[in-house]
Amino acid sequence: MTSTTIRTYSLEEATAELGERWANLVCNARLNPSLHPAWLAATIRGLGASGTVRVVAMLDGNELLGILPLQCYRQRFFGVPLNVVAPCSNIMSYHAEIAAPAAGEQLLLAALEHAHGGRWDVLTFQNVPDE
Numbered sequence: 146m147t148s149t150t151i152r153t154y155s156l157e158e159a160t161a162e163l164g165e166r167w168a169n170l171v172c173n174a175r176l177n178p179s180l181h182p183a184w185l186a187a188t189i190r191g192l193g194a195s196g197t198v199r200v201v202a203m204l205d206g207n208e209l210l211g212i213l214p215l216q217c218y219r220q221r222f223f224g225v226p227l228n229v230v231a232p233c234s235n236i237m238s239y240h241a242e243i244a245a246p247a248a249g250e251q252l253l254l255a256a257l258e259h260a261h262g263g264r265w266d267v268l269t270f271q272n273v274p275d276e
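Be aware that the sequence shown starts at 146, since it is given in our numbering, and climbs by one per residue.
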């Protein structure tokens with residue numbers, strides 16, 4: 146790796162700028178097909194939740210190393226307002242998976258620094274596999 150950078154996009158921006166590289170990453174690494182940008186975009190549009198999605202991408206120059214779509218939203222818990230961060234896999238997949246074959250942990254840590262501008266209260270992952 147030369148110079149790894151982290152960029153945050155709206156779903157529309159990520160699909161337009163990274164769509165082909167994103168699709169190739171998911172297909173070539175044989176990841177969960179629900180991580181494919183077309184699948185994600187269709188699901189999020191169908192739920193009317195596109196305004197809550199932030200896509201965090203890890204790039205090495207022009208090479209896409211990993212991508213993590215997150216939902217970032219406000220929720221009240223017993224009247225207390227909270228900033229919630231959750232991977233989009235929570236709403237559309239049978240298990241959580243990060244699309245970063247060689248840098249999953251690094252991407253997750255970077256994503257948490259960027260989600261909600263680094264100001265989040267709750268992180269929720271559902272259906273995390275044991276492996």
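Cβ coordinates follow ideal geometry from the N, Cα and C atoms, glycine included.
Does the distance from the CB of residue i to the CB of residue j come in under 8 Å?
| i | j | result |
| --- | --- | --- |
| L268 | A244 | no |
| L180 | E242 | yes |
| L215 | A256 | yes |
| G211 | L163 | no |
| A159 | P246 | no |
Find the nearest neighbour of residue i within the set the options, judged by alpha-carbon distance.
| i | options | result |
| --- | --- | --- |
| H231 | D266, D205, F270 and A202 | In the sequence as displayed, the identity of residue 231 is Ala instead of His. It is F270. |
| R219 | R166, P182 and T197 | T197 |
| A161 | I151, C172, A183 and S179 | A183 |
| V225 | P246, R175, L252 and D266 | D266 |
| E258 | D205, G193 and C217 | C217 |
| G193 | L156, E250 and V229 | L156 |
| V279 | E250, N207 and G262 | An answer regarding residue 279 cannot be provided, because it is not within the stretch 146 to 276 covered by the chain. |
| L170 | A248, T188 and A260 | A248 |
| C233 | T188, L227 and A168 | T188 |
| R166 | D205, E250 and R221 | D205 |
Taking residue i as part of the beta strand (DSSP E), name the residues at either end of that continuous run.
| i | result |
| --- | --- |
| A357 | Here the chain covers residues 146 to 276 and nothing more, so residue 357 does not appear. |
| I151 | T149 to S155 |
| I212 | E208 to F222 |
| P178 | Looking at the DSSP string, P178 is not in any beta strand (DSSP E), and its letter there is neither H nor E. |
| A231 | V225 to P232 |
Could you tell me whether any Cβ in chain D is nearer than 8 Å to the Cβ of residue i?
| i | result |
| --- | --- |
| G164 | Annotation note: the requested chain D is absent from the structure, which comprises a single protein chain. |
I'd like to confirm something about residue i: is its beta-carbon nearer than 7 Å to some heavy atom of the ligand FMN, or not?
| i | result |
| --- | --- |
| N228 | With respect to the ligand FMN, the structure shown offers nothing to examine, as it has no ligands at all. |
Name the two residues that bound the continuous alpha helix (DSSP H) containing residue i.
| i | result |
| --- | --- |
| A255 | G249 to H259 |
Review point. Any contact of the stretch 147-154 with the stretch 185-205, i.e. 3+ C-beta pairs under 8 Å?
Key: Output reads yes: the stretch 185-205 touches the stretch 147-154.
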